[in-house]
Amino acid sequence: MSLWSEILKNVFKKPVTIEYPKVETPIEKDFRGLQYADLNKCNGCSLCAIECPSKAIEMRKLPEDIKLKHNPRGLYPVINYPSCVFCYRCVTICPVNAYITTNEYRLATETEKLLSDTLSLQTLKSGGA
Amino acid sequence: MTEARSSELDPKQVLGNLVIREEFVKPSRRVFVVDKSVIREAITRLLKTYGETSIYISTIAGVDRFEQGVIEVNYFISIIPRKEVIVLRTQLSRAEPVIDTLIDIVPGVFAGENETYDLLGVQFNGNNTLKRGFFVPEDVVGKGVYPLRKDAKW
Amino acid sequence: MTETVLQIPISLEIPIGPQHPALHEPVMLKVYADGEEVVKVEINTGYNHRGVEKLFEMNSFYKGVFISARICGICNTVHANVYVRGIEQLLGLEPSPRAKYLRVLAMELERIHSHMIINAIMAEILGFDTLFMLIMRDRELVMKAKEILTGGRVIAEYYMPGGVRRDIDDVKKDRILDILKKIRPRLEYYKKLFEIDPTITNRLVDVGVLKPRDITLHSLVGPTARGSGVKTDVRAEDRYEVYGEIPWNVITRNEGDSLARMLVRWDEAIESLNMCEYILTHLPGGQAVVDERKLPRVLPLGEAFTRVEAPRGELTYYIIGGGRDRPYRVKVRTPSFHNIINSGFSYLGYSIADVPVILVSYDPCISCMERAILIKDGEKKYISLRDIVNMKRVR
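Chains as they are written, first to last, in this note's numbering: chain A, 3 to 131; chain B, 2 to 155; chain C, 402 to 796.
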């Protein structure tokens, strides 16, 4: 009995589904999305790789031609996104706050632009943007 | 009904002479160490004093103490009118861990006893529903390994 | 003229599960039925084992905060809370009052959306799909509130020993209060619908009646126990965090059938809504976020036993510290462990069509139920994401 008024109201309303590619999903600015290291601040201490609960971070040597004064060991973190659970332990444990956080959630893609080493190395070229 | 008066009784008075020593678990919960042969008597006394609808067994936790050579079995019991949780702790030898079952007095230990048998190898005398493979998958059961023991390798 | 010499009862064995369209998670109920009436039920588990108790012993106790959240997806906030409180008792840390209020806010929001989904599943099992869709549409508002508070819709990652990981300001507080104002008339409408609609009451009244004596002897907990008149709630007994300061009531009903259990859940959801509004209007000031770089690294010797009221019942953790950075033993006992495995006696005497109704009224969460050994993998091959990108180009 009391469901009839509800159904009648819903006949005259738009559907609730968000028609995704035409319309953007409303998402918060501080949603836990993609994160990568800013090499202008990173000093290669490897704390993020030690503390990651799913062992998704690997420390790799910087390319041959780059020498940074604040990074004597020459290591930088590369995150393997299929293993990452986005708990942000790496972001909060870093002693120099070197991680850049975004709210990017569309990760089911293999484009070059979303790989962690590309994003980190790009921060050096643009001079710390 | 003497329910209202008997819920004022302290568990130490109820258990009386069965307690060997008393310890503490944070945050300030009392532990009564009893011998493994009197566990049925202790539970029956608690059930009779507080009544069957005011007390239930919350958790059965087995701990493998490798250096001391014992396996401890802890029974955590919640007494609802006193808003308190007490612990009955028994110690079994690691070479032959056997203890009496409680399943005919309190049928709710069915899940806890099965889990402790499957993972740590503690035998409960009189419980004929115990079987391996309750939780542990079959290839590990085939090697005869009790996974939660400290020296388990498979 | 024939005489009856011997009567042999023949019962038919009907396996429900592990994969079945009526169940949401793999569990096997072997139902023996004589005609239409159930005479015996055997419950087999173990299809969803993941090895969590051994995993706790092999990793540092900070990684354990994230492991404990992943035992169950829908009650991840309460698992993380009880583990963090156990570690705080061993280390001797005390969170600030503002952090305690924010922790309770996250847990109560989770209680509202967990109760909404189990009622939607009950409607779906009965065949009432319209009601399932309507409840899920309104549940999206609660998920949005949780995203504003913690940064994630389902898994919150909000807890750390010593406090919480994020704070809220006035803009976020007003947005959450607006959302809560929109949800209140919907919850009251659904509760009234469950009480009077004949589609639901004809199948739920007098099905799966449990007496108080059965409940305490078989250790059933949570709304299952409160639907039969047993007044037990861990929030009132232990008074952890701020439950001793906020005004709230314990909800019980006396009939003991499946409808009483579902109505207890709707009443608790409305009670949680009142609690969330009280917390947001009475937040104390101060510092809530803890600096993770300055926390201690070694777990001292000692034992702690902590409990929490999850949406499904009483959840207990027993943590033993061993003087290193790894705990010596962590024992987890979830509410579904007792509610599902010990409840084989309650199906007897009812017909087969009542079996899924009784099972869903206990709120099964099978992935919570099963933890304990670690499966080692045979051979590992590492392929990084960049190799996959290159593979696609070469072809």
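Heads up, the beta-carbon is just placed ideally off N, CA and C, and yes, glycines get one too.
Reduced DSSP secondary structure (H/G/I, E/B, other) of residue i
i	result
C/I415	strand
C/V690	strand
C/L775	Residue placement at C/L775 is poorly supported in this model, since its pLDDT is 44, which falls under 50; the coordinates are not used for a value here.
B/P12	helix
C/N445	strand
B/I21	strand
C/A470	helix
B/Q124	strand
B/Y147	coil
A/S4	coil
C/K732	strand
A/G130	Only weak support exists for where A/G130 lies, its pLDDT of 45 falling under 50; the value from the coordinates is given anyway. In the structure shown, A/G130 sits in coil (DSSP, three-state: anything other than H, G, I, E or B).
C/E646	coil
B/D101	strand
C/D571	helix
B/K27	strand
A/I68	coil
A/E114	helix
B/S59	strand
A/R91	helix
C/E638	helix
Rounded C-alpha distance that separates residue i from residue j
i	j	result
B/Q124	A/E26	60 Å
A/T125	A/A39	9 Å
B/Y76	B/V34	10 Å
C/V442	B/I87	33 Å
B/Q14	C/V428	44 Å
C/Y719	B/V99	23 Å
A/V80	C/R504	33 Å
B/I106	B/A43	12 Å
B/S79	A/T19	47 Å
C/R730	B/K132	24 Å
B/G109	B/G70	29 Å
A/L5	C/A521	15 Å
C/R734	A/L41	45 Å
B/T102	C/E541	48 Å
B/T130	B/E68	31 Å
C/E737	C/C766	A quick correction: the sequence has Ser, not Glu, at residue 737 of chain C. C-alpha separation (whole angstroms): 6 Å.
C/R590	C/L510	Note that residue 590 of chain C is Tyr in the sequence shown here, rather than Arg. The alpha-carbon atoms of C/Y590 and C/L510 are separated by roughly 19 Å.
B/E4	B/R46	Only weak support is given to the placement of B/E4: the predicted model assigns it a pLDDT of 47, under 50, and the value that follows is read from those uncertain coordinates. One C-alpha to the other measures close to 14 Å.
B/T117	B/G63	6 Å
A/P28	C/R538	16 Å
Whole-Å CB distance - residue i paired with residue j, under 8 Å assumed
i	j	result
C/S768	C/L611	Not quite, the Cβ-Cβ distance comes to about 25 Å (not below 8 Å), so this is no contact.
C/Y559	C/V466	Contact flag wrong, Cβ pair sits at about 10 Å.
B/I61	B/E114	7 Å
C/C677	C/L581	6 Å
C/E715	C/R708	6 Å
Given residue i as reference, the closest of the options once Cα atoms are compared
i	options	result
C/R614	C/V631, C/L494 and C/S673	C/V631
C/M792	A/P55, A/T113 and A/F14	A/T113
C/A434	C/H425, C/N520, C/I411 and C/T446	C/I411
C/G474	C/K583, C/T600 and C/A557	C/A557
C/L696	C/L492, C/T617, C/S673 and C/R727	C/L492
C/A546	C/D568, C/A507 and C/G528	C/A507
C/I671	C/T405, C/R585, C/E715 and C/D570	C/R585
C/S515	C/R713, C/S737 and C/I721	C/R713
C/L749	C/G609, C/M537 and C/W649	C/G609
C/E414	C/K431, C/S762 and C/T405	C/K431
C/E458	C/I721, C/V761 and C/N740	C/I721
A/Y101	A/N45, A/K11, A/E30 and A/K24	A/N45
B/Q92	B/E9, B/G17, B/D11 and B/I21	B/I21
C/L618	C/V699, C/S744 and C/G553	C/S744
C/Y679	C/Q490, C/I577 and C/Q688	C/I577
Min CB distance residue i to chain F below 7 Å
i	result
C/R614	Among the protein chains in the structure shown, which are A, B and C, there is no chain F.
Residue i: CB within 6 Å of a non-hydrogen atom of the ligand ZN
i	result
A/Y101	Ligands are entirely absent from the displayed structure, and the ligand ZN is therefore not among its contents.
Exercise. Could you run through the segment 706-721 of chain C and flag, in chain order, every residue whose CB is less than 9 Å away from some CB of chain B?
Key: F706, T707, R708, E715, T717, Y719 and I721
Quiz item: For the segment 738-761 of chain C, which residues have a beta carbon sitting closer than 9 Å to at least one beta carbon of chain B?
Solution: F738, H739, I741, I742, N743, G745 and F746
Quiz item: Just by C-beta distance, which residues in the segment 106-126 of chain B are closer than 9 Å to chain C?
Solution: I106, V107, P108, G109, V110, F111, A112, G113, N115, E116, D119 and L120
Quiz item: Relative to chain A, which residues along the segment 545-558 of chain C have a C-beta separation below 7 Å, given in chain order?
Solution: E548, I549, G552, G553 and E558
Quiz item: Name the residues in the segment 488-520 of chain C whose C-beta lies less than 8 Å from a C-beta of chain B; which are they?
Solution: Q490 and L491
Quiz item: Which residues, taken in chain order from the segment 22-53 of chain B, show a beta carbon closer than 7 Å to some beta carbon of chain C?
Solution: V26, K27, P28, R30 and E53
Self-check item: Interface positions of the segment 596-627 of chain C facing chain B (Cβ-Cβ less than 7 Å), listed along the chain
Solution: P613, R614, T617, L618, H619 and S620
Quiz prompt | Chain-ordered residues of the segment 682-705 of chain C with a beta carbon less than 7 Å from chain B | solution = G703, E704 and A705
Quiz prompt | Near-chain A residues of the segment 453-464 of chain C - C-beta to any C-beta below 9 Å | solution = N460, S461, Y463 and K464
Quiz item: If you measure beta-carbon to beta-carbon, which residues of the segment 76-92 of chain A are closer than 9 Å to chain C?
Solution: V80, N82, Y83, P84, V87, F88, C89, Y90 and R91
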